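Please read the structure below before turning to the comments.
2 protein chains.
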Amino acid sequence: MPCCPPLGREPLTQDWAGDLSRMFKALGDPVRLRLVSMVASHAGGEACVCDLTPAFELSQPTISHHLKVLREAGLLECERRGTWVFYRVVPAALAELAAVLGPAELSVPDSLLPARS
Amino acid sequence: MPCCPPLGREPLTQDWAGDLSRMFKALGDPVRLRLVSMVASHAGGEACVCDLTPAFELSQPTISHHLKVLREAGLLECERRGTWVFYRVVPAALAELAAVLGPAELSVPDSLLPARS
DNA sequence: GCCGTGGATCGATGAGTGTCAACATAGAGG
DNA sequence: CCTCTATGTTGACACTCATCGATCCACGGC
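Chains A and B, in that order, give the protein sequences. Under my numbering, the first residue of the first sequence is numbered 221, with each subsequent residue one higher. Under my numbering, the first residue of the second sequence is numbered 221, with each subsequent residue one higher.
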């Protein structure tokens with residue numbers, strides 16, 4: 221696994237830190253964090269925008285904007301099916317962040333990354 | 221473990237998300253991410269500000285500001301010894317974030333949270 | 001007490017961000 | 001084609017943030 225030297229093993233390089241911080245910044249907003257959580261915990265591992273919007277007292281364009289930020293950070297991916305757009309989490313991205321934060325001994329086994337219940 | 225329902229198990233409550241997002245936001249800056257990494261990987265688990273500042277092409281007040289943000293987010297703690305101020309990571313905080321991000325099956329054992337080498 | 005050094009704080013400024021209303025786009029169904 | 005519904009995009013505005021120079025505080029040494 222050449223991708224995930226855990227934080228604390230050695231200082232991050234500058235561009236490495238840049239990539240990671242873009243993902244952390246995307247999670248650094250309560251609305252976006254709840255969006256990721258709602259998508260991740262939704263039945264089937266995916267949720268359509270119309271499932272997410274009513275949970276917030278925000279306009280639909282604002283939710284759409286937050287979803288775009290998460291998408292561009294690589295944390296979420298979307299697929300259009302008919303009229304609706306379904307969002308899924310990108311498990312590898314979450315796992316990468318978790319691996320960086322977590323102690324080295326607990327790095328996520330690759331066998332678990334793609335499989336998601 | 222009342223503190224760490226992993227993201228993906230159930231949607232985050234609003235204030236829970238607020239707390240977590242404050243920590244993620246603190247990591248959402250390349251300078252702060254590198255600061256945490258440098259402190260975490262420094263010999264003895266702590267680093268003095270004079271060890272950190274020269275690694276960046278930023279003024280000393282700016283570094284001090286970033287350290288304050290990390291401190292107020294609960295990710296770093298500091299202690300004054302003589303003339304110098306030493307910073308350490310708060311392992312429980314990093315572990316909490318890692319546990320939230322990681323798949324449920326891999327949640328960090330509590331036995332590892334407080335103990336950090 | 002008086003400096004000198006390591007850090008923190010203050011005030012200002014330019015860049016970035018969250019939010020909305022208004023508009024644009026994409027399928028579905030007539 | 002036309003219209004309706006579900007989403008994305010744009011432009012604008014207020015608010016936050018990263019950064020700096022100047023200043024202030026805490027220690028240690030004289």
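A virtual CB, placed ideally from N, CA and C, is assigned to each residue, including glycine. In this text, all values refer to a predicted model and were calculated from it rather than measured experimentally.
Practice item. Examine chain A for any beta-carbon lying closer than 9 Å to the beta-carbon of S261(B), and answer yes or no. Key: yes
Check your understanding: Candidates S241(B), P226(B), D271(B) and G264(B): which alpha carbon is nearest R254(B)'s?
Key -> D271(B)
Review point. What are the start and end residues of the beta strand (DSSP E) that includes E299(A)?
Key: L296 to R301
Check your understanding: Count the other CB atoms within 10 Å of the CB of R252(A); is the residue buried (16 or more) or exposed (fewer)?
Key -> buried
Review point. So A313(A) is in the alpha helix (DSSP H); what residue range does that whole segment cover?
Key: P311 to L321
Review point. Hey, quick one: how far does the beta strand (DSSP E) through A267(A) stretch, first residue to last?
Key: E266 to C268
Point to revise | Minimum length 4: unbroken alpha helix (DSSP H) runs contained in the stretch 247 to 296 of chain A | key: 250 to 261, 269 to 272 and 280 to 292
Review point. Mind checking G322(A): buried by the 16 CB within 10 Å criterion, or exposed?
Key: buried
Exercise for review: Can you tell me which of the three DSSP states L227(B) falls into?
Suggested key: strand
Exercise for review: For E230(A), go through chain B and note every residue whose CB falls closer than 9 Å to its CB, in chain order.
Suggested key: S257 and S261
Check your understanding: In terms of alpha-carbon separation, which member of V320(A), V305(A) and F306(A) lies closest to A312(A)?
Key -> V320(A)
Exercise for review: Give me whichever residues DSSP pairs with W236(A) in a beta bridge.
Suggested key: According to DSSP, W236(A) bridges with nothing at all.
Exercise for review: Go ahead and pull the three-state DSSP assignment for R242(A).
Suggested key: helix
Check your understanding: Is the Cβ-Cβ distance between V269(B) and V305(B) less than 9 Å?
Key -> yes
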